[in-house]
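Chemist:
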Amino acid sequence: MKAPNFNAACPLPLSQYPHVMMAHGGGGKLMHRLLADVFGKAFSNPILDTRHDSAQFNVPAGRLAMTTDSYVVRPIFFPGGDIGSMAIYGTVNDLAMSGALPLYLSCGFIIEEGLPMESLWRVVCSMRDAAKNCGVQIVTGDTKVVDKGKGDGLFINTTGIGVIEHGQKITPQSVQPGDAVIVSGDLGRHGMAIMAVREGLQFESTIESDSSPVHEAVLKLINAGVEIHCLRDLTRGGLASALNEIAESAGVKIAIEQKLIPVREDVHAACEILGLDPLHVANEGRFVAFVAVRDAARVLQIFRGCEVSFNAEIIGAVVEKSTPLVTIKSGLGVSRILDMPTGEQLPRIC
Amino acid sequence: MKYLDEYRDGNLAQKLAAEIHGVTTKPWTIMEVCGGQTHAIVKFGIDQLLPKQITLIHGPGCPVCVTPLEVIDQALEIAARPEVIFTSFGDMLRVPGSTADLLSVKANGGDVRIVYSPLDAVKLAVANPTREVVFFGVGFETTAPATAMAVFQATQKGLDNFSMLISHVLVPPAIEALMSSPNCRVQAFLAAGHVCAVMGYEEYFPLVKKYRVPIVVTGFEPLDILHGILMTVQQLESGRAEVENQYARAVTRAGNRPAQDLIGKVFQVVPRKWRGIGEIPQSGLGLRAAYAAFDASRKFKLTVHCIDESAECIAGLVLQGMKKPNDCPAFGARCTPEHPFGATMVSSEGACAAYYRYRRRDVKERTVA
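The listed protein sequences derive, respectively, from chains A and B.
Residue numbers for the first sequence follow our numbering, beginning at 26 and rising by one.
Residue numbers for the second sequence follow our numbering, beginning at 19 and rising by one.
(1) Would a check of beta-carbon distances place G246 (chain B) closer than 8 Å to chain E?
(2) Does R378 (chain B) have its Cβ less than 8 Å from a Cβ in chain A?
(3) For V149 (chain A), tell me which candidate among A:L264, A:L60, A:K54 has the shortest Cα-Cα distance.
(4) Can you tell which of B:P100, B:G211, B:V287, B:L137 has its C-alpha closest to the C-alpha of H245 (chain B)?
(5) Anyone know if the C-beta pair for D242 (chain B) and Y265 (chain B) falls short of 8 Å?
(6) Counting only beta-carbon separations shorter than 8 Å, does K33 (chain B) have a partner in chain A?
(7) How would you list, in chain order, the residues of chain A whose beta-carbon sits under 8 Å from the beta-carbon of M435 (chain B)?
(8) Thinking C-beta only, is D291 (chain A) closer than 8 Å to F228 (chain A)?
(9) For the alpha helix (DSSP H) containing I17 (chain B), name the first residue and the last one.
(10) Any C-beta of chain B sitting closer than 8 Å to the C-beta of E229 (chain A)?
(11) For a test of the three-state rule: what should DSSP assign to P287 (chain A), helix, strand or coil?
(12) Any idea if P232 (chain B) is buried or exposed, counting beta-carbon neighbours within 10 angstroms, 16 or more meaning buried?
(13) Looking only at its own chain, which residues have a Cβ that is under 7 Å from the Cβ of E388 (chain B), when we skip the five neighbours before and after it?
(14) Within the 8 Å Cβ cut-off, does G174 (chain A) reach chain B?
(15) For E233 (chain A), which residues from the same chain have a beta carbon less than 7 Å from its beta carbon, with the 5 sequence-adjacent residues on both sides left out?
(16) Does DSSP put G115 (chain A) in a helix, a strand or coil?
(17) Under the rule that 16 or more other beta-carbon atoms within 10 Å means buried, what is P366 (chain A), buried or exposed?
(18) Hey, could you find the ends of the beta strand (DSSP E) P299 (chain B) is sitting in?
(19) Determine the direct distance from the alpha carbon of V60 (chain B) to that of Y373 (chain B), and round the result to whole angstroms.
(20) Name the chain B residues whose beta carbon is nearer than 8 Å to that of I362 (chain A)?
(21) Quick check: the segment 95–109 of chain B against the segment 121–130 of chain B, are there 3 or more CB pairs under 8 Å?
(22) Pull up the CB-CB distance for L256 (chain A) and V188 (chain A), whole angstroms please, since I reckon it's below 8 Å.
(23) Pairs of beta-carbons, one from the segment 86–95 of chain B and one from the segment 189–204 of chain B, closer than 8 Å: are there three or more?
(24) Please confirm if I108 (chain A) has its CB atom under 8 Å from at least one CB of chain B.
(25) Sorted by chain position, which residues of the same chain lie with C-beta nearer than 7 Å to R384 (chain B)'s C-beta, five sequence neighbours on each side aside?
(26) Counting contacts by CB-CB distance shorter than 8 Å, is G263 (chain A) in contact with chain B?
(27) I'd like the span of the alpha helix (DSSP H) that includes Y229 (chain B), first residue to last.
(28) Spatial neighbours of S199 (chain A) within its chain, please: C-beta separation below 7 Å, excluding the five flanking residues on both sides.
(29) Using the beta-carbon count (16 or more within 10 Å), is Q174 (chain B) buried or exposed?
(30) Need the endpoints of the alpha helix (DSSP H) that I281 (chain B) sits in, please.
(31) State the Cα-Cα distance for the pair Q338 (chain B) and P78 (chain B), rounded to the nearest angstrom.
(32) Just reading off the beta strand (DSSP E) that I90 (chain B) is part of, what are its end residues?
(33) Less than 7 Å between C-beta atoms, sequence neighbours within five positions excluded: which residues of the same chain meet that for A221 (chain A)?
(34) Checking contacts by CB at 8 Å: is E356 (chain B) closer than that to chain A?
(35) Do the CB positions of I362 (chain A) and R375 (chain B) come within less than 8 Å of each other?
(36) Any idea which residues DSSP pairs F180 (chain B) with across the strands?
This is the structure we're talking about:
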């Protein structure tokens with residue numbers, strides 16, 4: 026993944042408007058200047074450049090996938106990413122979970138009055154680079170400015186449209202007993218990166234977010250003719266929530282093994298210190314795949330050939346049709362329930 | 019991970035378990051005192067490696083669980099004040115008082131913040147001189163030194179906008195209270211390793227002598243716990259009752275003297291009510307008169323109301339080891355971590371929450387009481 030280019034100077038004269046003001050959302054000249062010089066310049070493409078109220082484009086025959094997500098993260102810049110690239114990758118990844126090729130995105134900005142113009146420009150540049158990295162176009166958007174204190178710097182919503190070029194039914198209902206359960210990489214990095222910055226925790230090394238697009242790894246599976254039953258990205262609630270949701274929707278028992286789950290040593294250590302479980306911690310560039318067991322080795326090989334999923338692992342299997350249940354075998358060889366986290370993860374006393 | 023994986027090794031665990039099977043000839047009931055140990059036992063399935071004759075029961079060593087309802091209510095009252103920044107360890111935030119929890123107070127506009135150390139609360143008080151910063155000081159001897167250090171620092175800095183709501187508790191008086199109860203079935207204790215890292219283990223000698231009960235200072239990793247159980251069973255089987263130290267890599271006989279001195283300087287031993295158990299004499303720490311200015315309940319002129327617990331909740335019996343969580347008819351049905359009746363279901367260290375998270379589908383285990 027290419028590092029965002031922050032060197033290009035902000036096209037708005039910073040000396041005049043170093044911060045976003047209410048007038049930047051007021052519909053007058055300042056707003057038009059913001060749209061043209063910041064968003065228009067960074068995201069420029071033929072569809073967006075028509076500057077019409079709605080984007081017009083042709084779609085290929087077949088099925089489309091559509092998804093939307095809103096991004097709120099504090100701080101907006103964090104080790105390994107920022108709210109801008111996250112807003113692109115997150116929505117691209119949601120499309121990828123249907124096996125869709127992502128094509129078009131919309132983006133809505135809600136900006137708190139007083140946000141440094143330079144920060145906005147950095148985020149916008151990061152979105153531009155992320156979109157380019159994923160081969161998607163930002164074709165329409167919206168900007169609102171809210172009073173100081175009524176937002177948290179910057180909120181971004183992105184909606185994505187992608188085309189489904191395969192005939193597979195990738196849904197939780199397709200999950201079958203015997204399916205292999207594969208995670209695309211090591212877990213817990215995004216959540217711990219954010220928590221370390223937010224809470225001012227210092228570890229020996231900086232934990233970087235895993236924020237990244239996963240659609241290429243998925244499309245490679247589809248092109249290789251792998252029988253994919255279900256895909257789910259491991260964002261809030263982590264692996265534990267994703268597996269429980271799928272067990273619930275599919276009506277199955279899923280069994281995984283602790284020792285097979287990849288977690289980096291620094292993330293593991295940070296979780297131990299705070300009393301958190303890496304399986305409950307958020308990721309922004311990881312997903313779990315349920316595939317026919319005969320394809321499992323091939324899936325692993327394909328994943329490991331992609332940068333974003335080079336440390337993928339088979340972590341367990343779907344055992345049987347049953348009342349929904351996820352179990353995990355501990356290092357001592359004993360099985361227990363793996364539950365969804367309750368509410369927010371709270372660090373323990375001791 | 020170094021210093022961790024070694025103590026979670028599956029093969030070594032099986033060997034220790036086999037050794038425990040080898041020495042066990044009679045039924046024994048052992049209590050692990052600390053909630054952190056309960057959590058590890060249930061999470062790793064340690065109890066399932068043990069002989070059927072050994073029953074583990076889960077002790078009162080969860081500070082979140084034993085903090086009385088009226089103290090939580092005081093915390094809610096203080097946290098709701100507009101001038102207050104209320105600081106607490108994370109897992110106190112979800113503990114229900116009689117009407118709400120700290121997360122709800124936050125949702126209603128209260129300035130409630132998670133801190134990782136009481137010293138962070140002192141820093142907040144320095145940085146926010148126009149606000150009142152209050153720290154919720156709960157926990158056993160493990161967290162007491164940091165609370166004491168915060169009081170000490172606040173004194174040195176001459177802070178008058180910093181105070182604490184204190185509900186610190188002590189382990190040995192709780193063991194004494196359990197042992198002197200006529201219903202007590204506990205035959206041996208795994209003492210909490212981290213409490214002993216601060217306090218040492220000399221204070222357990224009189225208990226061992228008086229009640230003829232083995233006490234083994236034990237760590238928190240699976241191999242520590244299995245090793246602690248092995249040492250305990252060896253004592254029980256040979257008729258010995260001694261204080262032994264399994265957790266020698268962290269605990270010395272005398273403990274951490276500077277930390278003890280600091281506790282002694284700032285706090286005095288006071289009677290304390292334990293949620294679900296009742297008042298235990300000489301079982302808590304309260305601020306000494308010289309530091310009374312840092313007492314939040316005094317500063318905010320709070321009155322203490324005695325509050326009745328949910329009549330259905332058996333948390334008190336669970337905390338005393340007389341019932342298992344899944345003996346409760348409400349367990350997992352009406353009482354869940356999302357809608358807890360009692361504190362043992364709230365904290366991740368609470369016995370009910372540990373059972374709910376890891377094994378709510380198991381068949382009912384045998385009742386201890």
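Beta carbons are placed, not taken as given, at the ideal position from N, Cα and C, and that holds for glycine.
Modeler: In brief:
(1) Looking for chain E here will not work: the only protein chains present are A and B.
(2) yes
(3) A:L60
(4) B:G211
(5) yes
(6) no
(7) What the structure shows of chain B is the stretch from 19 to 387, and residue 435 (chain B) is not part of that stretch, so it cannot be assessed.
(8) yes
(9) The shown model of chain B, from 19 to 387, leaves out residue 17 (chain B), and the question about it has no answer.
(10) no
(11) coil
(12) buried
(13) Outside the shown range of chain B (19 to 387) lies residue 388 (chain B), about which nothing can therefore be said.
(14) no
(15) P104, G105, R214, A218
(16) helix
(17) buried
(18) 296–305
(19) 7 Å
(20) R375, Y376, R377, R378, R379
(21) yes
(22) With a Cβ gap of about 16 Å, L256 (chain A) and V188 (chain A) do not count as contacting.
(23) no
(24) no
(25) Note on R384 (chain B): pLDDT 34, under 50, position unreliable in the model; no value is reported.
(26) no
(27) 223–229
(28) H254, C255
(29) exposed
(30) 275–284
(31) 6 Å
(32) No beta strand (DSSP E) contains I90 (chain B), which is instead part of the alpha helix (DSSP H) from 87–97.
(33) F228, I232, A295
(34) yes
(35) yes
(36) B:V151
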